[in-house]
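Chains as they are written, first to last, in the working numbering: chain B, 1 to 232; chain S, 1001 to 1232; chain P, 2001 to 2232; chain U, 3001 to 3232.
For every residue, glycine included, the Cβ atom is placed at its ideal position computed from N, Cα and C.
Number of protein chains: 4
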Amino acid sequence: MKQFEKIKQEAYYANMQLPKLGLVLFTFGNVSVADRELNVFAIKPSGIPYDELSPEKMVIVDFNGEIIAGNLRPSSDTNTHAVLYKEWEQINSIVHTHSTYATAWAQSQRAIPIFGTTHADHLTIDIPCAAPMNDEMIEGNYEYQTGFQIMQHFQEMGLSYQEVEMVLVGNHAPFTWGKTPSKAVYNAAVLEELARMAYLTEQINSNAPRLKESLIKKHFERKHGPAAYYGQ
Amino acid sequence: MKQFEKIKQEAYYANMQLPKLGLVLFTFGNVSVADRELNVFAIKPSGIPYDELSPEKMVIVDFNGEIIAGNLRPSSDTNTHAVLYKEWEQINSIVHTHSTYATAWAQSQRAIPIFGTTHADHLTIDIPCAAPMNDEMIEGNYEYQTGFQIMQHFQEMGLSYQEVEMVLVGNHAPFTWGKTPSKAVYNAAVLEELARMAYLTEQINSNAPRLKESLIKKHFERKHGPAAYYGQ
Amino acid sequence: MKQFEKIKQEAYYANMQLPKLGLVLFTFGNVSVADRELNVFAIKPSGIPYDELSPEKMVIVDFNGEIIAGNLRPSSDTNTHAVLYKEWEQINSIVHTHSTYATAWAQSQRAIPIFGTTHADHLTIDIPCAAPMNDEMIEGNYEYQTGFQIMQHFQEMGLSYQEVEMVLVGNHAPFTWGKTPSKAVYNAAVLEELARMAYLTEQINSNAPRLKESLIKKHFERKHGPAAYYGQ
Amino acid sequence: MKQFEKIKQEAYYANMQLPKLGLVLFTFGNVSVADRELNVFAIKPSGIPYDELSPEKMVIVDFNGEIIAGNLRPSSDTNTHAVLYKEWEQINSIVHTHSTYATAWAQSQRAIPIFGTTHADHLTIDIPCAAPMNDEMIEGNYEYQTGFQIMQHFQEMGLSYQEVEMVLVGNHAPFTWGKTPSKAVYNAAVLEELARMAYLTEQINSNAPRLKESLIKKHFERKHGPAAYYGQ
C-alpha cells in the first residue's frame, strides 16, 4: 500500500495537531487528507486516543465512503468527509472538532458575526451556521446528510467553499477545510479564536456593530486579493 | 494484603488522572475502585496532595464504610462512595471532583440542559442536579445521606444509573461513575466540558433551544445503541 | 545574619509558588514570612522578577516597617504586611496578589457570596470586601492605612482573622494569611478559585441562593470543628 | 550589516516573548525595535511562524517604510510602526498583537475603564480606543493611516504617548510601545490582563464605578511619580 503512504503520514501529522492546539478533548475530532489522483482519503480511525495513533492506523476510504485499506473502522464522521470531497473538488483536507467556543455558537444556532479585522483577515462574511437537519435526514444516512446539509446551506447563502473554508453545523459542531492539511487545521484553530473573540465582544458591548464593508474588503484583500501583501 | 493490590494500583492511577485533566485544585477530589468479589473498594486517603500519593497509601473500605486495610484515614467522602457501591451493583468506580464549571452549575442548582450532540454522544437527558438535602439529613450521617440523596433523585426522575453516569449534587459538586475507573474519570472530564459548553451556549443565546429528540436519539445510538458504529 | 536564614528560605519558597499556581503576572504579588521571636519578617524585594529571586534577596523588616537587613528595597506593600503582623499576633505569613478573578470582585466592590460547599470548606461567611479608603487615608501613609482599613473592616463586621484568612480590598486586590506560609499561599489559590466559581454561578443563575446555614456549618466543621474528620 | 545586529537580536528576542506570554495565535502579532541613531527599525518578516524566526530574518526598514536590508518582506503592519517612530521620537519599540481580551474591547469600540489599582499602577486614564478610520483613509495607505489615526486620537484626547503607552484601534486590535523592547512587550501583556479584569468586573457588577481620583494618583505616583518607591 505504498501509494497511500503520503496521505497517511499527512493525516497522522494533521490529527496530532488538534490536541496540541487545544481543539479536542479525548477523541472528539478528526482530520482527513485526500489524494485527488487516486480518489481516496486517509482518515483517523474511530475512537482511538491521539497518543495511540500512528500513520499505519489511518484508514483509506473512497469518495463514496467505502473502505479501501486499513484494519480499523474509520471515524464515524467518515461519510461527511466523503461527500464533501466528492462535491467540492478543490479541497484536499477536512477537519472536524468539537472545540469549545465554536461548538457553543453551533449549539446557539447562530452564525458568528464579523466584528473585527481578525475575522476579515480570513473571510468577508459571518461564519455560516447550517440549520439542524430535518428528522427524515437524521433518520437516513446521518453522516452523509450532514455533508449534504452543509453544501445546501452554502448554496442557499450563495457562498463559495473556496472563499469560506469553515462552517458550523447547528446543534453539532464545526467543520473546516482547505487546499492542504495545514490550512484546514489552521482554519480550525482560527475559527475557535474568532468564536471566542465574538463571544467576548457581545458580552462587552451587546450592541457591537458588524465591521463595515470598507474594512472587510481592505483586510481580506491585503491577505487574499490580487495585490495581497501579507506573507512571503 | 496482596489481594487488594490490583484495585490499589488502579485507584492510584485513576486519582492521578484528575490533576492531569485539570479537574482538581489541591486535594479537592477523589476516585475509588471496587472489587466486586471481595466487596471492598480502594479510595484516596483524606487530604493527601496528589504528588505525595502512591498505591500503598490507598485505603481499603467495605460497602458499609468500614476500613478493612490501610494506615491512613480514607477520603471524608468515603460513605458516599460506599452507599453507591452497595446499591448500584453494576458500577466499579466512582469519581468526585469540584471541577469549576460543573460545580458552578451545582451551585446554581440547575440541571445542565442538553444543547448539542457532544452532550447526546454521552447521555440523552439533561445532566441531573439533585436538590440540597434537608436539615435532618445534613445533621445525620452526612456523607451517607449524600449517596442516598443521589439515588433518590434518580428514582424520582426515573433514571437508570447505567445509562446516566453523572450527577450534580445541589450546592455541592459533581459525582461520576462507570464500569471501569477509566470510564468514570472520562465521565468526570466530559461532564466538565459539557458544563462549560452549556454555560457558553446560554451566554451566546439566552433562548437556545434544547436538542431535538431525533438528534438526541441518533447521536446516542451511534455510540451506545445495538447498531453502534463509534469506536473499534 | 544566620538568624534570618529560615524565614528567608521560607519566604523565597512561598513567593515562588505564586507563578506556579497562576496567581501573578510579572511581579504583581508578594509573600512575607514572620519570625515571632525576633519580631521581624522576610519579604520579597520590590519589582524583582520571580525568576531572578533567591533566598538572599529577601528583605528583613520589623513590625514598624523598618528595614533590618538586606540590600534591596522591600515590596512597596511592606507597611501593609507590617501593621497586620503587629496587630494580628497569631499569623505568621501574608500573601498579596492581583489574581484575576479575586481582583475583579475587588474592583466590583462586592463581597464574594457563599454559594457552595467548596466555599464552606474554608469559611462560613461571604469573603469580605473592605471599602476603598477615604482620601485622607490615601494621601497619608497609604500602605499602613491599607492594613488599618482591613482590620477596621474585620472589627466592624465582627470577624475573627483566625477564622477568616482572606479579604478583598475594594478597588485593589486580595490579601490572604495563615499560621504557615504554605497555608497563606493555599488560601490565595483557594480564594481565586472561589471567586471564579461564584462569578460563574451568578452567570448561570442570577438568582442563585446563598448556601443554607445547616450546610455551611456541616462542611466547615468536618474540616475545622472539634470533631473534624478531614485530613490525617 | 553588522550595524543592525543589535536591533535584529533585540527584535528577535522580543518577538519570541509574544507566544510565551500567550499573546498571539499563529503569526497574529509583531514587534519592532528602533535604532534612533541610524533612523531605522528591525521588524518581524510577514507571515513567518514564530518557531521559524531567527535574528537574521528580521527586516530593516526606515521611518518612511522603505526596506533598507533583509531578504524577506516585512510585516504587513510595517507602515504603522514607521509613522509612529517618525512622529513619536521618544519610543524605541512597538508591539502589535491580536490578544483575545484586548481585541474584544477593540471590536466593542469601547475604551477600557479604569476600575482598579492594577490599572492605575500603569496609567491614570481609561485605555484609549481610537475610532475605526473613515473610508477614504482605509482605501488610501491603510497601514500608514492606522498610525495617523492613533496619533490623531491622542491629540484629540490630549494624551501624552510617553505617559500612555497603549491604545486600541477600533474594530482592529491593540498597539503598545515603550522606551525599550521589554517595556513594550510588558505593556502588551499588562493591557491584555487589564482588558480581562475589566471585562470580568462589568460582568460581576454592571454598575462598577471607575476608580476615584485620589487612588489613581496615589498608585500611579508610587510607581512613576518623582517620589516613586516601587522597584529598585
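(request) Starting from residue 1178 of chain S, follow its DSSP beta bridges and name the residues at the other end. (result) The partner list for residue 1178 of chain S (beta bridge, DSSP) reads S/1093.
(message) If I measure Cβ to Cβ from residue 2099 of chain P and keep anything under 6 Å in the same chain, skipping five residues before and after, which residues do I get?
(response) Cβ contact annotation for residue 2099 of chain P (same chain, cutoff 6 Å, sequence separation greater than five): 2023 and 2192, in chain order.
(message) Nearest by alpha-carbon distance to residue 2206 of chain P: which of S/1105, S/1074 and S/1075 is it?
(response) Relative to residue 2206 of chain P, the option among S/1105, S/1074 and S/1075 whose CA is nearest is S/1105.
(request) Give, in chain order, every unbroken run of the beta strand (DSSP E) that is at least 3 residues long and sits entirely within the region 2080-2145 of chain P. (result) DSSP runs (the beta strand (DSSP E)) wholly in the region 2080-2145 of chain P: 2093-2097.
(message) If we define contact as Cβ-Cβ less than 8 Å, is residue 182 of chain B a contact residue for chain S?
(response) It does not; no Cβ of chain S falls within 8 Å.
(message) Comparing C-alpha positions only, which one of U/3056, U/3069 and U/3108 sits nearest to residue 113 of chain B?
(response) Closest in C-alpha terms to residue 113 of chain B, from the list U/3056, U/3069 and U/3108, comes U/3108.
(message) Closest to residue 3199 of chain U by C-alpha separation, out of U/3115, U/3128 and U/3167, would be which residue?
(response) Nearest C-alpha to residue 3199 of chain U among U/3115, U/3128 and U/3167: U/3115.
(request) Would you mind telling me which residues of chain B sit closer than 7 Å to residue 3076 of chain U, beta carbon to beta carbon, in chain order? (result) Per Cβ cutoff of 7 Å: 222, 229 and 230.
(request) With 8 Å as the limit, tell me which residues of the region 91-120 of chain B have their beta carbon closer than that to any beta carbon of chain S; keep them in chain order. (result) Taking 8 Å as the Cβ-Cβ cut-off against chain S, the residues of the region 91-120 of chain B that qualify are 98, 100, 101, 103, 104, 105, 106, 107, 108, 109 and 110.
(message) Rounding to the nearest angstrom, what Cα-Cα distance links residue 3076 of chain U and residue 1025 of chain S in this structure?
(response) Going from the Cα of residue 3076 of chain U to the Cα of residue 1025 of chain S covers about 43 Å.
(request) Taking only the alpha-carbon atoms, compute the straight-line gap between residue 84 of chain B and residue 2231 of chain P and give it to the nearest angstrom. (result) Residue 84 of chain B and residue 2231 of chain P have their C-alpha atoms some 57 Å from each other.
(message) So, with DSSP's three-state summary, where would you put residue 2168 of chain P?
(response) Reduced to three states, the DSSP call for residue 2168 of chain P is strand.
(request) Taking only beta-carbon positions, decide if residue 152 of chain B is within less than 8 Å of chain S. (result) Output row for residue 152 of chain B: interface = no.
(request) Could you list the residues in the region 1157-1186 of chain S with a C-beta less than 9 Å from some C-beta on chain B, going in chain order? (result) Against chain B - using a Cβ distance shorter than 9 Å - the residues of the region 1157-1186 of chain S are 1186.
(request) Determine, using beta carbons only, whether residue 3092 of chain U and residue 3180 of chain U come nearer to each other than 8 Å. (result) Here residue 3092 of chain U is near residue 3180 of chain U, since their CB atoms are less than 8 Å apart.
(message) Three or more C-beta pairs under 8 Å: does that hold for the region 215-231 of chain B against the region 1146-1162 of chain S?
(response) With a cut-off of 8 Å, the region 1146-1162 of chain S and the region 215-231 of chain B do not count as touching, because too few Cβ pairs lie within range.
(request) Could you please give the first and the last residue of the uninterrupted beta strand (DSSP E) stretch that includes residue 214 of chain B? (result) Run containing residue 214 of chain B: none in the beta strand (DSSP E); it sits in the alpha helix (DSSP H), 213-224.
(request) Look at residue 96 of chain B and residue 175 of chain B and say whether their C-beta atoms are less than 8 Å apart. (result) At the C-beta level, residue 96 of chain B and residue 175 of chain B come within 8 Å of one another.
(request) Name, please, each residue of chain B whose Cβ falls closer than 7 Å to the Cβ of residue 3138 of chain U. (result) Going along chain B in sequence order, the residues near residue 3138 of chain U (Cβ under 7 Å) are 214, 215 and 218.
(message) Using a 10 Å radius around the Cβ and a threshold of 16 neighbouring Cβ atoms, would you call residue 36 of chain B buried or exposed?
(response) Around the Cβ of residue 36 of chain B, a 10 Å sphere holds fewer than 16 other Cβ atoms; the residue is exposed.
(message) For residue 1042 of chain S, list the residues DSSP reports as bridge partners.
(response) Beta-bridge pairing links residue 1042 of chain S to S/1033 and S/1060.
(request) Tell whether a beta-carbon distance below 8 Å holds between residue 3051 of chain U and residue 214 of chain B. (result) Between residue 3051 of chain U and residue 214 of chain B, the C-beta gap is not smaller than 8 Å, which leaves the two residues out of contact.
(message) Does any residue of chain U have a CB that is nearer than 8 Å to the CB of residue 196 of chain B?
(response) The Cβ of residue 196 of chain B sits closer than 8 Å to at least one Cβ of chain U.
(request) Answer yes or no: do residue 82 of chain B and residue 65 of chain B have a C-beta to C-beta separation smaller than 8 Å? (result) Against a cut-off of 8 Å, the Cβ pair of residue 65 of chain B and residue 82 of chain B comes out as a contact.
(request) Thinking residue 3170 of chain U and residue 3226 of chain U are a contact (beta carbons under 8 Å), I'd like their distance in whole angstroms, please. (result) Contact between residue 3170 of chain U and residue 3226 of chain U fails: their C-beta atoms lie close to 35 Å from each other, not under 8 Å.
(request) To the nearest angstrom, report how far apart residue 228 of chain B and residue 3142 of chain U are at their CA atoms. (result) Spanning the two alpha carbons is a distance of roughly 13 Å.
(message) By the DSSP assignment, the beta strand (DSSP E) with residue 3069 of chain U in it spans what residues?
(response) It spans 3067-3069 - the beta strand (DSSP E) in which residue 3069 of chain U sits, taken as one unbroken run.
(request) Report the neighbours of residue 1005 of chain S on chain B: residues whose CB is nearer than 9 Å to its CB, in chain order. (result) The premise fails here: residue 1005 of chain S is roughly 26 Å from chain B at the closest Cβ pair, so nothing lies under 9 Å.
(request) Report all residues from its chain with a CB closer than 6 Å to the CB of residue 1968 of chain P; omit the five preceding and five following residues, and keep chain order. (result) In the structure as shown, chain P starts at 2001 and stops at 2232, and residue 1968 of chain P therefore has no counterpart that could be examined.
(message) Is the separation between the beta-carbon of residue 29 of chain B and that of residue 79 of chain B shorter than 8 Å?
(response) Contact flag unset, no.
(request) With DSSP as the reference, please indicate the residues paired to residue 74 of chain B in a beta bridge. (result) Residue 74 of chain B pairs with B/45.
(message) Taking 7 Å as the cut-off, is the C-beta of residue 1071 of chain S nearer than that to any heavy atom in the ligand NAP?
(response) Judged by which ligands are present, the structure shown has none, so any question about the ligand NAP falls away.
(request) Can you give me the Cβ contacts of residue 1068 of chain S inside the same chain, cut-off strictly under 7 Å, excluding the 5 residues immediately before and after it? (result) Taking residue 1068 of chain S as the centre and dropping the five residues before and after it, the same chain places the C-beta of 1040, 1060, 1061 and 1062 closer than 7 Å to its C-beta, in chain order.
(message) Please tell me whether residue 9 of chain B and residue 55 of chain B are closer than 8 Å, where the distance is taken between their beta carbons.
(response) Contact: yes.
(request) Tell me, please, whether the CB atom of residue 1188 of chain S is closer than 8 Å to any CB atom in chain B? (result) Taking Cβ atoms only, chain B never reaches closer than 8 Å to residue 1188 of chain S, which makes this a no.
(message) I want to verify the contact list: residues of chain U whose CB lies under 9 Å from the CB of residue 124 of chain B, in sequence order.
(response) Per Cβ cutoff of 9 Å: no residues; residue 124 of chain B is ~14 Å from chain U at best.
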